[in-house]
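**Student:**
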Amino acid sequence: MNISSREFNQDTSAAKKATHQGPVIITERGRPAHVLLSIEEYQKLTGCQTSIVELLAMPNAAEIEFALSPAGLFHGRWAKTECTGVVSIRVRSRHWLFSTR
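In terms of my numbering, the sequence shown opens at residue 1339 and continues consecutively.
#1: Please return the same chain residues whose Cβ sits closer than 6 Å to the Cβ of Ser1342, not counting the five positions on each side in sequence.
#2: When you compare only the Cα positions, how much space is there between Leu1383 and Ile1377?
#3: Can you find the residues in the same chain that come closer than 6 Å, C-beta to C-beta, to Val1362, ignoring five residues on each side of it along the sequence?
#4: Between which two residues does the alpha helix (DSSP H) harbouring Asn1398 extend?
#5: Compute the Euclidean distance between the alpha carbons of Met1396 and Glu1345, then round it to the nearest angstrom.
#6: Which residue's Cα is closest to the Cα of Gln1359: His1372, Glu1379 and Asn1398?
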């Protein structure tokens, strides 16, 4: 599905619902600019499917040192993180990264 950035801004909810059928391509001036995916599709693409619950349920979880660090916005975009060994959690507009490295 393609929608303009104006349509996206006017009805974000409809765009999010449309991700259940597949990727939503957001256009700017008629050209593809962004892609909106469901979290399931994103996880399939990145291979990142480990949750904090799964990490804590691991047999040696007590031995894992979690390095907790807040990550903010950089020029309007989320800080890019590696999937392997990092769990990203967003709570009340704060973004936290848990690293198992």
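Beta carbons are placed, not taken as given, at the ideal position from N, Cα and C, and that holds for glycine. Quantities reported herein were computed from a predicted structural model and do not represent experimental measurements.
**Tutor:** Reading off the structure:
#1: Thr1365
#2: 10 Å
#3: Met1339, Ala1353, Ala1356 and Leu1374
#4: Asn1398 -> no alpha helix (DSSP H), and no H or E assigned at all.
#5: 44 Å
#6: Glu1379
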